[in-house]
Each structure stands twice: as C-alpha cells, then as structure tokens.
Amino acid sequence: MQLVRSPFALHPRRFGRGPARVLAVAAPQRMAIPDDVKLFAATFFAGFLFVSIVIG
Numbered sequence: 026m027q028l029v030r031s032p033f034a035l036h037p038r039r040f041g042r043g044p045a046r047v048l049a050v051a052a053p054q055r056m057a058i059p060d061d062v063k064l065f066a067a068t069f070f071a072g073f074l075f076v077s078i079v080i081g
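Under our numbering, the first residue of the sequence shown carries the number 26, and numbering increases by one thereafter.
(1) Taking only the alpha-carbon atoms, compute the straight-line gap between I58 and V76 and give it to the nearest angstrom.
(2) Whose C-beta lies closer than 7 Å to the C-beta of T68 among residues of the same chain, with five residues either side of it excluded?
(3) Helix, strand or coil: how does DSSP classify A57 here?
(4) Could you tell me the alpha carbon to alpha carbon distance between D60 and F70, rounded to whole angstroms?
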C-alpha cells in the first residue's frame, strides 16, 4: 500500500495538507545496489588501479 498526497493546492499554504490517498498498485520493491554505492565502488576501483599502476 502506498499513500499519495495531491501535488498541487489551491493555496500555497495548503500544499501537502490534503487527505492521503491509497494507490491501487504498490510500487515494486527491487533489490538493487543503490547508485551511490556503485559510484563509490567504481571510484575505489579506479583509485586502486591507478595507484597499482603508479607503484608498479
């Protein structure tokens, strides 16, 4: 179950204060590695490779 609030309001101070609505279809949960972890791993590997080439 996923709750969604209206993305617009008649008055700016009322934004996000409307009733929560339940969506019929829940967002699929996927087991994937987050992008920041992929970026960290790629940067770490590139640094390791660079240092290995410079030392060797």
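All residues carry an ideal CB built from backbone N, CA and C; glycine is no exception. For clarity, every value in this text was computed on a predicted model and none was experimentally measured.
Inspection of the coordinates gives the following:
(1) Counting from one through the sequence shown, the residue named residue 58 turns up at place 33. Counting from one through the sequence shown, the residue named residue 76 turns up at place 51. The straight-line gap from Cα to Cα measures roughly 26 Å.
(2) The sequence position of residue 68 within the sequence shown is 43, counting from 1. Counting only Cβ-Cβ distances below 7 Å, and skipping sequence neighbours, we find nothing.
(3) Residue mapping note: residue 57 aligns to position 32 of the sequence shown, counting from 1. Coil.
(4) In the sequence shown, residue 60 corresponds to position 35, counting from 1. In the sequence shown, residue 70 corresponds to position 45, counting from 1. The alpha-carbon atoms of D60 and F70 are separated by roughly 15 Å.
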